[in-house]
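Colleague:
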DNA sequence: TGCTGGCACTCGATTCTACCGAGTGCCAGG
DNA sequence: CCTGGCACTCGGTAGAATCGAGTGCCAGCA
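Chains as they are written, first to last, in my numbering: chain Y, 4 to 364; chain E, 4 to 364.
(1) Just the C-alpha distance for residue 296 of chain E and residue 242 of chain Y, rounded to the nearest angstrom, thanks.
(2) Count the other C-beta atoms from every protein chain shown that fall within 10 angstroms of the C-beta of residue 363 of chain Y, then say buried if there are 16 or more, exposed otherwise.
(3) Would you identify the three-state DSSP class for residue 94 of chain E, choosing helix, strand or coil?
(4) On the DSSP letters alone, give me the boundaries of the beta strand (DSSP E) that residue 315 of chain Y sits inside.
(5) Return helix, strand or coil for residue 155 of chain Y, following the three-state DSSP convention.
(6) Going by DSSP, name the residue or residues bridged to residue 167 of chain E.
(7) Taking only the alpha-carbon atoms, compute the straight-line gap between residue 193 of chain E and residue 201 of chain E and give it to the nearest angstrom.
(8) Identify every run of the beta strand (DSSP E) within the segment 100–136 of chain E, keeping only runs that are complete inside it and at least 3 residues long; order them along the chain.
(9) Looking at chain Y, is there any beta carbon in it that lies within less than 7 Å of the beta carbon of residue 168 of chain E?
(10) Along the chain, where does the alpha helix (DSSP H) that runs through residue 300 of chain E open and close?
(11) Hey, quick one: how far does the beta strand (DSSP E) through residue 236 of chain Y stretch, first residue to last?
(12) Under 7 Å between C-beta atoms, does residue 156 of chain E make it to chain Y?
(13) For my contact list, residue 23 of chain Y and residue 260 of chain E are in at a C-beta cut-off of 8 Å; report their separation, rounded to the angstrom.
(14) Name, please, each residue of chain E whose Cβ falls closer than 8 Å to the Cβ of residue 110 of chain Y.
(15) Whole angstroms are fine: how far does the CA of residue 318 of chain E sit from the CA of residue 33 of chain Y?
(16) For residue 247 of chain E and residue 263 of chain E, what's the separation of their Cα atoms in angstroms?
(17) For a contact defined as C-beta to C-beta under 7 Å, what are the partners of residue 342 of chain Y on chain E?
(18) Straight-line CA distance for residue 28 of chain Y to residue 36 of chain Y?
(19) Opposite residue 193 of chain Y in the DSSP bridges: which residues?
(20) Would you decide whether residue 328 of chain Y is buried or exposed? Buried here means 16 or more other CB atoms lie within 10 Å of its CB.
(21) Looking at chain Y, is there any beta carbon in it that lies within less than 7 Å of the beta carbon of residue 233 of chain E?
(22) For chain E, find out if any of its Cβ atoms is closer than 7 Å to the Cβ of residue 143 of chain Y; answer yes or no.
(23) Over what stretch of residues does the alpha helix (DSSP H) that includes residue 330 of chain Y continue unbroken?
(24) Residue 41 of chain Y: buried (16+ other C-beta within 10 angstroms of its C-beta) or exposed?
(25) Assuming residue 154 of chain Y contacts residue 173 of chain Y under a Cβ cut-off of 8 Å, what Cβ separation, rounded to an integer in Å, is found between them?
(26) For a quick check, are the C-beta atoms of residue 188 of chain Y and residue 216 of chain Y less than 7 Å apart?
(27) List, in chain order, every chain E residue whose beta-carbon is nearer than 7 Å to that of residue 249 of chain Y.
(28) Along the alpha helix (DSSP H) that carries residue 141 of chain Y, what are the first and last residues, could you check?
(29) Let me see if you follow: with CB-CB separation under 7 Å, is residue 301 of chain E close to chain Y or not?
(30) Is the Cβ-Cβ distance between residue 339 of chain E and residue 303 of chain E less than 7 Å?
(31) Note down, in chain order, each residue of its chain lying with its Cβ closer than 8 Å to the Cβ of residue 168 of chain Y, except the 5 sequence neighbours on either side.
(32) With a Cβ-Cβ cutoff of 7 Å, do residue 185 of chain Y and residue 212 of chain Y count as a contact?
(33) Please classify residue 350 of chain E: is it buried, with 16 or more other beta-carbons within 10 angstroms of its beta-carbon, or exposed?
(34) To the nearest angstrom, how far is the alpha carbon of residue 280 of chain Y from that of residue 180 of chain E?
(35) I'd like to know whether the C-beta of residue 116 of chain Y is nearer than 7 Å to at least one C-beta of chain E.
(36) Leaving aside the five residues before and after residue 357 of chain Y along the sequence, list all residues of the same chain whose C-beta is less than 6 Å from its C-beta, in chain order.
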């Protein structure tokens, strides 16, 4: 198999021209257009023969004879990996991001929700935000609150500010004092422990308290094990604009509704250390006409969440990459700050592209 | 203005036929089709002349000369108000609803989220669920949890099981004990009070405690006043299927993204005691091609939230009305039960404390 | 050898025409 | 007052003609 790395300089230039033009116009690109593009000084005839080669090698394809070429997924892949730097945001967008992160002052959930809106505004594509996982997060507080005669709510505050809750059927009436006692025992046992590893050592005097505690403990266990598969989707309406086939829109939206799919896609991508997934590179049929650009959200160096941009395969990759990285980074900082406002005093250092997108299928 | 009430019996029958047919086929309906419809025993010529009248009176319109008629908003309105009963769900759907509400066992938010999915599955339209307002809800618990050196989280548990939170910048370092003291004072002051009316009477000995308390109180006030304008949208992908113009889809989705608009629309509709809004009857331009079917969610007789179905104006009103009502009612019951499981001793249902693991995937 | 201009050819898109048929409005007769 | 009949309208479809952007190939030139 011909290796991507060594395409002719000229072939690469031609491929780049085709991809750029196609991203802009969504029309198949002919040899004449390429010839006119900057940095290419050969005639259209030469370009045609090169294009034949590029097509043979799988970078381009023709919708039909006597039409121009459009990039294949492989073509986009080469473009992203070899031909393009992450790019920078325009000053207006950069300002928008800064303004956003200065102004935003709210709880995690809402912040993530609004971050996803920001991303989709910046890029005009749909966006997804994967919340920081609090797998390893320790509990700051555990509390039982009575809601009704036989119902209590277990409220857990984690160190990252997230609040998890779960209602518990008590099966019999439990007086306030018992609830309070159980709550105190739980809190003592769970404080500063990771959710999974909470045990309560000694039995108290009261068997009812013990019963409640054990109910709460199992609920706690469930909370810990349950992958918190929420994902925030921003700007789904942009999808309708990005695709023109209404059934494509429908299919993609339907996939987005299944949070699970999106979450595992993002996790997968992150794990492989990749930042762009194009077309069918992931296994999901329904997203075959999409590309996803992902950037990690790191809190104090620990990668813990992700932001992603979801658009058509002919999306503006440099811009999307830039937006995802900047927003991901700023979001990480912002989350960090929210525990220690002083940390936010340090000016955000200028972001420079450290690494090119890597990873192929 | 001709009053809606008194359309000819025959005119009404014709209108009904046109609306039904159009809802089914999305094609303009001609006089022949109407003549063939059940319950109409006049010739197409007669129907034509009646249709002319109906058109003059604003119930029907022609997309162009020599095409059939399609209903206007006014036509739909008459159909909904005079010609149709809410209808009943099919046995399969009814069972789906029952199964859902038996199985669902989770926190408010997730339940609402999943209810909206249920609704959109039942109807194949998009759905919205307006959470029960907890304007008047009293606090069951108020707590301050330290998150970082200068940051605390105010966690409020309301009587309806909702958990509200807000982080507080303390501006200086506050030791755990102070936080605990403040937390205790707040809890005592706020317990069983509506969020708005919390005051702390006497000053404690410690000025730092007082400071923290006052910070927390103002945060509490903000929480109370802030209209909690969240709305759960289900099945946006169904919209893409319901409309065929991609820009309509885009516009409607964009409107749905602005939670605010949807919330005030629903509130408005509820307030007017209406259950169906058709086309431009509400003021929102971007939803002019939609109809909304709304049903209240009452908890113990108190109307406190709403469910809605959002589809094209040519939606299946009887089915949508039935679905909205049933789901709204069951949701209200379910919410009520979640405070007092005994209340849910549904007829012919053995009640066992059941604890279903919500294992996903 | 490799690039170029030229040329014949392909084929989707556009335009034009004809035509079909569903649907209308109108009217005379039962 | 209803009905069948009739002339008319006009969107949608089908086929033919045309256009033009684009291709592959090739001979000739640096």
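Cβ coordinates follow ideal geometry from the N, Cα and C atoms, glycine included.
Please read these numbers as outputs of a predicted model, since none were measured by experiment.
Modeller: Well, looking at it:
(1) 26 Å
(2) At residue 363 of chain Y the pLDDT is 36, less than 50, meaning the model places this residue with poor confidence and gives no usable figure here.
(3) helix
(4) In the DSSP assignment, residue 315 of chain Y falls within the unbroken beta strand (DSSP E) covering 305–315.
(5) strand
(6) E:159
(7) Cα to Cα, residue 193 of chain E sits roughly 6 Å from residue 201 of chain E.
(8) 129–133
(9) With 7 Å as the cut-off, residue 168 of chain E counts as an interface residue toward chain Y.
(10) No alpha helix (DSSP H) contains residue 300 of chain E, which is instead part of the beta strand (DSSP E) from 293–302.
(11) 235–237
(12) yes
(13) Not quite, the Cβ-Cβ distance comes to about 30 Å (not below 8 Å), so this is no contact.
(14) 168, 169, 170
(15) 46 Å
(16) 26 Å
(17) 150, 151, 154
(18) 12 Å
(19) The partner list for residue 193 of chain Y (beta bridge, DSSP) is empty, contrary to what the question assumes.
(20) buried
(21) no
(22) yes
(23) 320–340
(24) exposed
(25) Indeed, because the Cβ distance is near 7 Å, the residues count as touching under 8 Å.
(26) yes
(27) Neighbours of residue 249 of chain Y on chain E, chain order: 243, 247, 249, 252.
(28) Per DSSP, residue 141 of chain Y belongs to no alpha helix (DSSP H) and is neither H nor E.
(29) no
(30) A Cβ-Cβ contact shorter than 7 Å links residue 339 of chain E with residue 303 of chain E.
(31) 156, 157, 158, 159
(32) yes
(33) The pLDDT assigned to residue 350 of chain E is 40, lower than 50, so where the model puts this residue is not dependable, and the model offers no usable value.
(34) 50 Å
(35) Using beta-carbon distances, residue 116 of chain Y does not count as an interface residue toward chain E, since no partner is under 7 Å.
(36) Only weak support is given to the placement of residue 357 of chain Y: the predicted model assigns it a pLDDT of 42, under 50, and the value that follows is read from those uncertain coordinates. Answer for residue 357 of chain Y: no residue qualifies.
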